[in-house]
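In this note's numbering, the protein residues as written are 119 to 398. Beta carbons: idealized from backbone N, C-alpha and C, even for Gly. Given the structure is predicted, the values throughout are model-derived calculations rather than measurements. Data first, discussion second: the structure below is written as structure tokens.
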Amino acid sequence: MELRALKYFLVVYEQGSVSAAAKHCFISQPSISSAIQTLEQSLHCQLFIRHARGVLPTPAATELYPKAKALIEQEKQIMQQFQQQTFTTPLRLGIMRSMGAIRMSRLLQYLAQHIENLELTLVDPDEPCDAKFMSSSALSSSDQFVTIWQDTYQLALPQHWPLAHQATIKISDLAGLPFINREPCKALDQLKELMQQQGISFTVRANIRTLDYAWPLVTAGVGAALVPDWDEIKKSTELSLKPINHFRFKQAIGLVIKPNSSNPMIQSVINCCHDFAQLQ
Numbered sequence: 119m120e121l122r123a124l125k126y127f128l129v130v131y132e133q134g135s136v137s138a139a140a141k142h143c144f145i146s147q148p149s150i151s152s153a154i155q156t157l158e159q160s161l162h163c164q165l166f167i168r169h170a171r172g173v174l175p176t177p178a179a180t181e182l183y184p185k186a187k188a189l190i191e192q193e194k195q196i197m198q199q200f201q202q203q204t205f206t207t208p209l210r211l212g213i214m215r216s217m218g219a220i221r222m223s224r225l226l227q228y229l230a231q232h233i234e235n236l237e238l239t240l241v242d243p244d245e246p247c248d249a250k251f252m253s254s255s256a257l258s259s260s261d262q263f264v265t266i267w268q269d270t271y272q273l274a275l276p277q278h279w280p281l282a283h284q285a286t287i288k289i290s291d292l293a294g295l296p297f298i299n300r301e302p303c304k305a306l307d308q309l310k311e312l313m314q315q316q317g318i319s320f321t322v323r324a325n326i327r328t329l330d331y332a333w334p335l336v337t338a339g340v341g342a343a344l345v346p347d348w349d350e351i352k353k354s355t356e357l358s359l360k361p362i363n364h365f366r367f368k369q370a371i372g373l374v375i376k377p378n379s380s381n382p383m384i385q386s387v388i389n390c391c392h393d394f395a396q397l398q
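So, in structure tokens, the structure goes:
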């Protein structure tokens, strides 16, 4: 019987539902359900009765609750008594440009909450690091990859432009359209190639290197830009995201780990990324 399962049991008992417990613990519902099921098998009894609005504790759960709570409290007291000094665990993460500052911050916060005493150092992906966050297109054949987000690229237009009110955008609509050019960008390279095939010139209004500048420049009316469908971009009321006919670029973003990593924390990072991806 694991203490973690008892902790999840206490939260489900107090919250009255598996979904509420999952949100409280910042993990997926299947992880909570699996822990409760394992606990029930260990104790040879049913702890909760599932219903449409959540769960009801059985008499066995009511009997277990104070004992489990006391055991968890004892664990806390033991940890406080013997942890005279806290040692941090260093972790160097390489982060590719244009990952999305808001969602990346949420992921790093999730790691810090679920890995005790974590000391994060963020570096460029080409520097020495324990793991990287980047696109699947940059993988080598031996890398292990955990998908966290799937980005679909669309055309961002200032809301007041007439083109922003069309349902979809044709390649021919891009003729003479001022663009915010970003290099490097594989999605934009593919769009430029498609435009060139149809004899349409790519008109540059501004040149940038990081995606974080692209959509603010669009909202300022500087030009159009090809951007991923991040939540912070979709929620902007000053621009409109539109699909382009016969153009589709989708990119997986996630955790990249070199095979045979010697860092013992890597498995914890992998597990956290799996759980975080399920919450998206």
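Worksheet item: According to DSSP, what are the bridge partners of residue 267?
Response: Residue 267 is bridged to 371.
Practice prompt. May I ask you to verify whether the segment 275-289 touches the segment 233-251, counting CB pairs closer than 8 Å and requiring at least 3?
Written response: By the Cβ test, the segment 275-289 is not in contact with the segment 233-251, since fewer than three Cβ pairs between them sit closer than 8 Å.
Practice prompt. Label residue 299 either buried or exposed according to how many other C-beta atoms from any shown protein chain fall within 10 Å of its C-beta, with 16 as the threshold for buried.
Written response: Residue 299 sits buried, since 16 or more C-beta atoms from the chains shown fall within 10 Å of its C-beta.
Discussion item. I need the boundaries of the alpha helix (DSSP H) containing residue 222, first residue and last residue.
Written reply: First-last of the alpha helix (DSSP H) with residue 222: 219-232.
Worksheet item: Which whole-angstrom value is the C-beta distance of residue 251 and residue 197, which I expect to be below 8 Å?
Response: By a beta-carbon distance limit of 8 Å, residue 251 does not contact residue 197. Their separation comes to about 31 Å.
Discussion item. Quick check on the DSSP output: the beta strand (DSSP E) that includes residue 235 runs from which residue to which?
Written reply: Going by DSSP, residue 235 is part of no beta strand (DSSP E) at all; its letter is neither H nor E.
Discussion item. Less than 8 Å between the beta carbons of residue 370 and residue 216, yes or no?
Written reply: The Cβ-Cβ distance between residue 370 and residue 216 does not fall below 8 Å.
Discussion item. Using only CA atoms, which one of 270, 337, 339 and 276 lies nearest to residue 306?
Written reply: Of the candidates 270, 337, 339 and 276, the residue whose Cα lies closest to the Cα of residue 306 is 270.
Worksheet item: How many angstroms separate the CA atom of residue 355 from the CA atom of residue 159?
Response: The alpha-carbon of residue 355 is positioned some 51 Å away from that of residue 159.
Worksheet item: Can you pull the DSSP bridge partners for residue 169?
Response: DSSP, once it has assigned bridges, lists 172 as partnering residue 169.
Discussion item. If you follow the beta strand (DSSP E) that residue 252 is in, where does it begin and where does it stop?
Written reply: That run of the beta strand (DSSP E) goes 249-253.
Item to complete: In the DSSP assignment, find the unbroken alpha helix (DSSP H) run with residue 384 in it and report its ends.
Response: Per DSSP, residue 384 belongs to the alpha helix (DSSP H) from 384-397.
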